[in-house]
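In this note's numbering, the protein residues as written are 2 to 443.
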Amino acid sequence: MNIWILSAIILSIVVISKLIAKKTSSVDVVWLIIFGAIFANLGLLPSHNETLEIIGEWGIVFIMFALGFDEDLSHFKDGLFRSWGIAVFGAIFPFLGAYYVAIYFGYSSNEAMLWGLTMTATAVSLTMVSLRNENLHKTKAATGIMTAAVVDDVLSLIGVAIVIPIVLASSSIKGGGVDPFAILVILFKVVAFFTIVIILGLFAFPGIAPKKLPQNPSLWQMADFYVAKIFKYFQIKDLILAYRGEFTPLIMISIAMTLGAIAYMFGFHPAIGAYLAGLFLKKEYFIFDTKVERRRDQHFIRSKSVVDHIAFSVFGPIFFVNLGTKINFDISLFKEAMPMILTLFIVIFIFQVLSASISAKFTGGYSTNESIMIGFGMLGRAELAFVVINLAFSEHHLINSVQFFALVMTIFLLNISVPLAIKWYKPYFLKEEISSKKASLS
């Protein structure tokens with residue numbers, strides 16, 4: 002089908018979904034996925050179109066950049082130290098749950114490991130959009146979910162590097178055993194990526210460089226001074242305000258894409274790099290030298306409005322429509338896979354919510370209501386799940402069509418559950434938030 006016809010259909014779905022969501026006070030993400038599935042099964046949309054997939058990926062990058070731009074860097078740093086338990090236990094228990102469900106239905110340990118691997122990585126983009134729709138994206142719970150997802154992404158990459166070779170080797174398929182060197186390469190990439198990002202965040206974004214070295218400088222002070230000198234002629238603030246901010250939105254998107262590309266080169270999803278780019282941008286970078294207080298924030302507000310519109314109204318929704326097109330309503334497969342789908346969905350739902358919530362409470366120090374919200378927020382399955390399924394089914398034929406359908410449908414149900422669970426729990430969450438604030442004041 003012609004790309005222009007496809008574009009018209011998808012954008013019409015976006016408009017209809019948003020109007021229905023407003024009319025019914027529901028979440029537009031759910032409608033985007035549902036209509037994507039319906040139109041794909043009617044033959045009006047393809048299950049895969051490379052151009053639309055790329056546009057959808059752009060949308061996720063823009064969404065995560067916009068969300069990072071909304072976030073406070075100090076909150077993020079605090080959340081990162083508190084979220085290790087959420088990421089670790091929130092990945093281990095869903096893996097074990099899926100593994101033993103596969104064993105229960107008579108599949109081999111190799112197939113079971115692949116089932117487990119599909120259930121590890123969290124679809125943070127879906128969660129953050131759902132939280133934003135409910136105006137909860139600036140809460141501590143949202144920060145906890147985002148920071149846990151960063152750690153989760155690292156663990157999932159390592160998991161793919163370990164599990165896939167094991168399964169290939171033990172299935173007598175050419176590919177060899179686990180390569181320790183490959184694991185070391187991944188760990189090196191993780192360290193290198195975050196080192197580059199931290200250097201950029203410290204020296205390219207702030208625009209503040211020490212004018213001279215103090216007497217008897219420490220190693221850190223010397224590094225700070227000389228690296229800052231390197232970045233002296235390339236400051237993000239100067240770039241953003243060039244020509245009185247005429248090109249600010251374009252420059253912001255360029256920054257998001259650049260850090261997204263860096264993330265991709267090191268094995269991460271580009272959305273992680275884009276989120277960090279938005280995180281480093283501060284409100285004061287957008288303020289011109291003006292004494293009129295009420296006009297100080299106008300350029301920031303206008304720039305943010307442009308980026309939000311691109312992310313949440315144009316490109317971002319296309320990703321969720323594309324996600325829906327992956328669902329194939331095959332009745333015969335559906336009947337055979339239904340017991341697996343229901344069992345796997347219930348097990349992962351319970352294991353994920355409980356493991357993430359308990360970890361948030363006891364390792365992260367979050368309140369009970371924040372912990373439960375984090376548990377719901379970790380339910381979605383990320384793009385990595387489809388990568389694993391594609392490797393296992395299409396490339397190496399390690400799982401059959403029934404398993405493929407069961408895994409895809411379970412992911413669909415988990416992703417649909419995220420906005421619904423967040424919306425359902427919102428009144429209880431806000432009630433506890435208000436109660437805790439009153440208690441702290443009294």
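For glycine and all other residues, C-beta sits at the position ideal for the given N, C-alpha and C.
Predicted model only: the values in this text are computed from it and were never measured.
Residue of the options minimising C-alpha distance to residue i
i: residue 325; options: 368, 387, 266, 313; result: 387
i: residue 303; options: 249, 345, 344, 356; result: 249
i: residue 275; options: 269, 285, 258; result: 258
i: residue 403; options: 49, 373, 334; result: 334
i: residue 308; options: 253, 201, 102, 216; result: 253
i: residue 15; options: 35, 117, 80; result: 35
i: residue 313; options: 7, 37, 42, 62; result: 62
i: residue 372; options: 7, 152, 80; result: 80
i: residue 64; options: 408, 11, 316; result: 316
i: residue 288; options: 301, 18, 278, 281; result: 301
i: residue 359; options: 375, 350, 261; result: 375
i: residue 361; options: 347, 198, 150; result: 150
i: residue 347; options: 271, 77, 42, 99; result: 99
i: residue 131; options: 182, 22, 267; result: 22
i: residue 279; options: 9, 55, 77, 24; result: 77
i: residue 422; options: 399, 351, 409, 400; result: 351
i: residue 412; options: 389, 273, 138; result: 389
i: residue 194; options: 42, 260, 282; result: 260
i: residue 408; options: 277, 426, 369, 327; result: 327
i: residue 85; options: 203, 148, 199; result: 148
i: residue 39; options: 369, 329, 416, 426; result: 329
i: residue 55; options: 416, 115, 321, 17; result: 321
i: residue 415; options: 377, 401, 200; result: 377
i: residue 264; options: 144, 382, 298, 198; result: 198
i: residue 284; options: 273, 277, 272, 298; result: 298
Buried or exposed (CB count within 10 angstroms, at least 16 for buried), residue i
i: residue 306; result: exposed
i: residue 58; result: buried
i: residue 1; result: Residue 1 lies beyond the residue range present for the chain, which begins at 2 and ends at 443; the question has no answer from this structure.
i: residue 175; result: Any answer about residue 175 is weak, because its pLDDT of 48 lies below 50 and its placement is not dependable; what the coordinates show is given next. Under this definition residue 175 is an exposed residue.
i: residue 189; result: exposed
i: residue 406; result: buried
i: residue 141; result: buried
i: residue 186; result: exposed
i: residue 51; result: exposed
i: residue 286; result: buried
i: residue 219; result: exposed
i: residue 245; result: exposed
i: residue 82; result: exposed
i: residue 134; result: buried
i: residue 20; result: exposed
i: residue 217; result: exposed
i: residue 153; result: buried
i: residue 2; result: exposed
i: residue 410; result: buried
i: residue 168; result: buried
i: residue 138; result: buried
i: residue 398; result: exposed
i: residue 182; result: exposed
i: residue 115; result: buried
i: residue 262; result: exposed
Where the alpha helix (DSSP H) through residue i begins and ends
i: residue 119; result: 110 to 119
i: residue 244; result: No alpha helix (DSSP H) holds residue 244; DSSP gives it neither H nor E.
i: residue 106; result: Counting along the chain, residue 106 falls outside any alpha helix (DSSP H), and DSSP gives it neither H nor E.
i: residue 335; result: 332 to 363
i: residue 300; result: 299 to 310
i: residue 70; result: 51 to 71
i: residue 253; result: 249 to 266
i: residue 287; result: Run containing residue 287: none; DSSP gives neither H nor E here.
i: residue 446; result: The requested residue 446 is not part of the displayed model; the chain covers only 2 to 443.
i: residue 447; result: Here the chain has residues from 2 to 443 only, and residue 447 is not among them.
i: residue 271; result: 271 to 281
i: residue 1; result: Shown here, the chain extends from 2 to 443; a query on residue 1 therefore has no answer.
Residue i beta carbon near the ligand NAD (any heavy atom closer than 8 Å)
i: residue 240; result: The ligand NAD is not part of this structure, which contains no ligands at all.
Practice item. Report yes or no: do three or more beta-carbon pairs, one from the segment 119 to 134 and one from the segment 28 to 46, lie closer than 8 Å? Key: yes
Check your understanding: Does the segment 57 to 69 touch the segment 78 to 92, meaning 3 or more C-beta pairs lie closer than 8 Å?
Key -> no
Exercise for review: Pair every Cβ in the segment 113 to 124 with every Cβ in the segment 235 to 254, then say whether three or more of these pairs are closer than 8 Å.
Suggested key: no
Exercise for review: Please confirm if the segment 350 to 368 is in contact with the segment 106 to 115, defined as three or more CB-CB distances below 8 Å between the two stretches.
Suggested key: no
Review point. Mind pulling the alpha helix (DSSP H) runs of 4 or more residues that sit fully within the segment 3 to 30?
Key: 4 to 25
Review point. Would the segment 47 to 54 and the segment 425 to 434 be scored as touching if the rule is three or more Cβ pairs under 8 Å?
Key: Contact between the segment 47 to 54 and the segment 425 to 434 is absent, because fewer than three Cβ pairs lie under 8 Å.
Review point. Hey, is the segment 361 to 377 in contact with the segment 334 to 346, meaning 3+ C-beta pairs nearer than 8 Å?
Key: no
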